[in-house]
Amino acid sequence: MGQKTHPLGFRIGITQNHLSGWFANSKLYPIFLQEDFQIRQHIEKQLHNASLAKVEVERKIDQIEVKIYTARPGIVLGRFATGIESLRDDLKLITNQQRQIRIDVIELTEPDNQARLLADFITTQLEKRIAFRRAVRQAVQRAQRANVQGIKVQVSGRLNGAEIARSEWVREGRVPLQTLRANIDYSYRTAQTTYGVLGVKVWLFQGESLPNNASAL
């Protein structure tokens, strides 16, 4: 069943953690959930060119902590850190609470082992009318240089402007989707092309985690 479920949700508590870390009662839960969605939506819209990998949100009694994982922290911070202050003011308007907002920017030293960034790279190439096979091959080569143990890429839609939509995929190395201890990173993105929407899925296998040892093999 590993190939029929979401690779990240399937492994929560084993190799993956929740992107939101907080507890709330039944009345506040939907409010906090909507706020988290709006926070991520605003950050991805404002920093669409900052190579974002993920955004984590943690809540305390008097503080909301937002962790932004990015390959280009300079774009997030802005000149003289003005970008981070502007972002904090925007998030205060979204949350509409008297809570302190703390923003941590975490730089990704190896962006090519992040499924989200590889998927964004492929979609950018497709929107520039680069042939999908070339875009996929370049992404696979990037992942291999980052010492990823396995990668699978699937592109679906009107490939190269074909009249009939189809799906094609490429796999290099091992991608054990049915192994729960396998550290799988996954991302799905869409490319808006002149021929329609193309779907891009990327799976990365980054090693296995043992139950008594969280470090990857």
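Counting from 1, position 47 in the sequence shown corresponds to residue 47 in the UniProt record's numbering; the numbering is continuous, with no gaps. The beta carbon of each residue, even a glycine, is placed where N, CA and C say it ideally should be.
The beta strand (DSSP E) enclosing residue i, as first and last residue numbers
{"i": "T193", "result": "A182 to T193"}
{"i": "I75", "result": "From DSSP, I75 is part of no beta strand (DSSP E) but of the alpha helix (DSSP H) over P73 to L77."}
Alpha helix (DSSP H) segment containing residue i, residue limits
{"i": "A53", "result": "Looking at the DSSP string, A53 is not in any alpha helix (DSSP H); the run it does join, the beta strand (DSSP E), is L52 to R59."}
{"i": "E44", "result": "Y29 to Q46"}
{"i": "V136", "result": "F132 to R145"}
{"i": "E85", "result": "T82 to T95"}
Residue i, DSSP secondary structure in three states
{"i": "A214", "result": "Bear in mind that a pLDDT of 48 at A214, under 50, signals an unreliable position, so the model cannot answer this."}
{"i": "M1", "result": "Confidence is the limiting factor: at M1 the pLDDT is only 47, short of 50, which leaves the residue's position unreliable, though a coordinate-based value still follows. Three-state result, M1: coil."}
{"i": "D62", "result": "coil"}
{"i": "T124", "result": "helix"}
{"i": "G207", "result": "strand"}
Minimum Cβ-Cβ distance from residue i to chain D less than 8 Å
{"i": "T123", "result": "Of the protein chains in the structure, only one exists, and it is not chain D."}
Selected residue, minimal CA-CA separation from residue i, among the options
{"i": "D90", "options": "I43, Q63 and I14", "result": "I43"}
{"i": "V136", "options": "V148, Q154, A146 and Q149", "result": "Q154"}
{"i": "W203", "options": "I94, G150, L87 and L93", "result": "G150"}
{"i": "A131", "options": "G161, V140 and I84", "result": "G161"}
{"i": "S209", "options": "D185, T193, L180 and Q192", "result": "L180"}
{"i": "A146", "options": "L118, R40, A191 and E168", "result": "L118"}
{"i": "R174", "options": "L52, F37, V140 and R189", "result": "V140"}
### the region 99-109 touching the region 65-84, judged by at least three CB pairs closer than 8 Å
Three or more pairs of CB atoms, one per stretch, sit closer than 8 Å, so the region 99-109 contacts the region 65-84.
### Query
Is the region 3-22 touching the region 45-52, taking contact as three or more C-beta pairs under 8 Å?
Counting Cβ pairs under 8 Å, fewer than three are found: no touch.
### Task
Answer yes if the region 111-124 comes into contact with the region 93-100, meaning at least three C-beta pairs across the two stretches below 8 Å, and no otherwise.
They do not touch, by the three-pair rule.
### Message
Under 8 Å, with one C-beta from each stretch per pair, do the region 51-60 and the region 13-33 reach the 3-pair mark?
### Response
Judged by Cβ distances under 8 Å, the region 51-60 makes contact with the region 13-33, as three or more pairs qualify.
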